[in-house]
Amino acid sequence: MNSTPVAPNPAEDFEVHPLSGAAARPARQLSGPLAPEAAATLDAQVRAVDLRVPLLEKNDLLAERNRGYFLGRGLATLNLVSSPGAGKTTLLERTLDEFGRQTRCAVVVGDLETDNDGLRLHRPHAPVAQITTGGTCHLDAAMIARGVESLDLAGVKVLFIENVGNLVCPASFDLGEQVRVVLLSTTEGEDKPLKYPPIFKSAHLVLLTKVDVADALGFKRDVAVANIRRIAPQARIIQLSSRSGEGLPEWYDFLRGLAPAAKA
Amino acid sequence: MHEVGIMESAIDAVLRQARAHSARRVHRIVLRIGALAGVEPDGLRFAFDVVTRGTLAAGAALEIEAVPARAYCAACDADFPVDGGFIARCPTCSALSADLRSGRELELSRIEMT
Ligand SMILES: Nc1nc2c(ncn2[C@@H]2O[C@H](COP(=O)(O)OP(=O)(O)OP(=O)(O)O)[C@@H](O)[C@H]2O)c(=O)[nH]1
Ligand SMILES: [Mg+2]
Ligand SMILES: [Zn+2]
Chain A
1 MNSTPVAPNP
11 AEDFEVHPLS
21 GAAARPARQL
31 SGPLAPEAAA
41 TLDAQVRAVD
51 LRVPLLEKND
61 LLAERNRGYF
71 LGRGLATLNL
81 VSSPGAGKTT
91 LLERTLDEFG
101 RQTRCAVVVG
111 DLETDNDGLR
121 LHRPHAPVAQ
131 ITTGGTCHLD
141 AAMIARGVES
151 LDLAGVKVLF
161 IENVGNLVCP
171 ASFDLGEQVR
181 VVLLSTTEGE
191 DKPLKYPPIF
201 KSAHLVLLTK
211 VDVADALGFK
221 RDVAVANIRR
231 IAPQARIIQL
241 SSRSGEGLPE
251 WYDFLRGLAP
261 AAKA
Chain B
1 MHEVGIMESA
11 IDAVLRQARA
21 HSARRVHRIV
31 LRIGALAGVE
41 PDGLRFAFDV
51 VTRGTLAAGA
61 ALEIEAVPAR
71 AYCAACDADF
81 PVDGGFIARC
91 PTCSALSADL
101 RSGRELELSR
111 IEMT
């Protein structure tokens, strides 16, 4: 009796189905390691590069350049960041009118649209550059470099940068400033630092603004201060009002400390 | 949405590397993002698809490696993991620390290309 001819198995653990001729083992087991030559060509094709490049490399480099420029000119530079309407422009207006009479100041102010803030800040004794970002929610180091180029910095000791009103995006963008100032107004609630921690984490100075209306609003200053300290134990805190003038001498003292050349 | 701006800058760096290696395609990109960097991984992923469209990196896999935050306590002379969100409180002495040793990373760490 003749039996059906069966193809010989090519390897010991390799079985061919007697009827269909298909491999009877899972494909995974069928594929062995690549021949060394084949593996070598594949490796040469897929190139893996390990590196440590900051995602914001361009901005970081430009920010360092700005910082060097400011330092070289003996300029104290402050980046003012807050939610929209926390009182940045109002504080700067009064600061230019008072502190700015003894110490020459300049301002670069950023807004999404309009030059309203630039016009409000306009003073014969203080050069102002307005940047309209056209929709970008933060200032970056390149915008500052361009803005500063248009300013006459002769004799200027303090440069204020009013950032776009936004408590999130400016946190990631170093402008080359010496001091990052975060403003928190009493109209915003005491827990703002807990809700928007990254920007507070990066602050050198936190200004608690509009304290003149704190009581009327039922705003608890001590709770706000405690929250700021939890997120930003490094930050100096000044409570002030651009309306009543409370706390402004402390703010001016802080500025004087940054601009030692202007003391005499 | 500053994640878009950050991703644009990252893809700039990726494409510069790809050109330097005469690569034809980028297959995989690995980012290291600190827990306290203030950047949303989901926002980055969304931005990645938009920003890579029509580039050598279109269709590449994006891997985001989360870097946990650590801070240093001067009183205890020790590092500790920051697990209270952005509040870095020493588990030993309860002091608040402003001295972050990791957690702010925003880095491109690996590119695979052919
Ligand atoms: N009560 C009180 N109101 C203030 C104070 N400072 C500012 N304001 C008011 O708050 C509102 C917003 O002030 P701005 O100075 O324009 O705020 P801003 O931070 O520059 O706003 P954006 O540039 O739009 O982000 C205005 O109506 C101000 O009059 C303050 O100290 N006390
Ligand atoms: Mg303003
Ligand atoms: Zn401790």
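Protein sequences, first through last, are from chains A and B.
Taken in order, the first sequence gives residues 1 to 264; the numbers are from the working numbering.
Taken in order, the second sequence gives residues 1 to 114; the numbers are from the working numbering.
Backbone N, C-alpha and C fix where the C-beta goes; we use that ideal spot for every residue, glycine too.
All values derive from a computational prediction rather than experimental measurement.
_Please classify Gln-102 (chain A) as buried or exposed, where buried requires at least 16 neighbouring CB atoms within 10 angstroms._
exposed
Count the C-beta pairs between the segment 175 to 188 of chain A and the segment 75 to 83 of chain A that are closer than 8 Å, then say yes if the count reaches three, no if not.
yes
**Message:** Among A:Leu-248, A:Val-168, A:Ala-203 and A:Leu-217, whose alpha-carbon lies nearest the alpha-carbon of Arg-230 (chain A)?
**Reply:** A:Ala-203
- request: Would you mind sorting Thr-92 (chain B) into buried or exposed? The rule is 16 or more other CB atoms within 10 Å of its CB.
  value: exposed
> Mind checking Arg-28 (chain A): buried by the 16 CB within 10 Å criterion, or exposed?
Replying inline: Confidence in Arg-28 (chain A) is poor, its pLDDT being 43 and thus under 50, which makes the residue's placement too unreliable to answer from.
Hey, how far is the Cα of Ile-111 (chain B) from the Cα of Arg-65 (chain A)? 28 Å
Item checked: From B:Arg-104, B:Ser-109 and B:Phe-80, residue whose alpha carbon lies closest to that of Ala-95 (chain B) -> B:Phe-80
Q) So is Asp-117 (chain A) buried or exposed if we call it buried at 16+ other beta carbons inside 10 Å? A) buried
query = Checking contacts by CB at 8 Å: is Ala-19 (chain B) closer than that to chain A?
reply = Per the sequence shown, residue 19 (chain B) should be read as Arg rather than Ala. So no, Arg-19 (chain B) is outside the interface.
Can you tell me where the beta strand (DSSP E) holding Leu-208 (chain A) begins and where it ends?
205 to 209
### Query
In angstroms, rounded to a whole number, what distance separates the CA positions of Arg-45 (chain B) and Leu-62 (chain B)?
7 Å
(message) I want to see whether chain B comes within less than 8 Å of Leu-30 (chain A), judged by CB atoms only; does it?
(response) The predicted position of Leu-30 (chain A) is uncertain, since its pLDDT is 43 and thus under 50; no value can be drawn from it.
Checklist entry - Any idea if Leu-30 (chain A) is buried or exposed, counting beta-carbon neighbours within 10 angstroms, 16 or more meaning buried? => result Summary for Leu-30 (chain A): the model assigns pLDDT 43, below 50, so the residue's position carries little reliability, and this model does not support an answer.
Based on Cα-Cα distance, which residue from B:Ile-6, B:Arg-104 and B:Tyr-72 lies nearest to Cys-90 (chain B)? B:Tyr-72
| message | Please list, in chain order, the chain A residues whose beta carbon lies closer than 9 Å to that of Thr-114 (chain B). | response | Gln-45, Val-46 and Arg-47
Note to self: If the criterion is Cβ atoms closer than 8 Å, does the pair Ala-259 (chain A) and Val-148 (chain A) meet it?
What the structure shows: no
- Task: Would you mind working out which of B:Leu-56, B:Asp-49, B:Val-30 and B:Gly-54 sits nearest Leu-55 (chain A), comparing C-alpha positions?
- Result: B:Val-30
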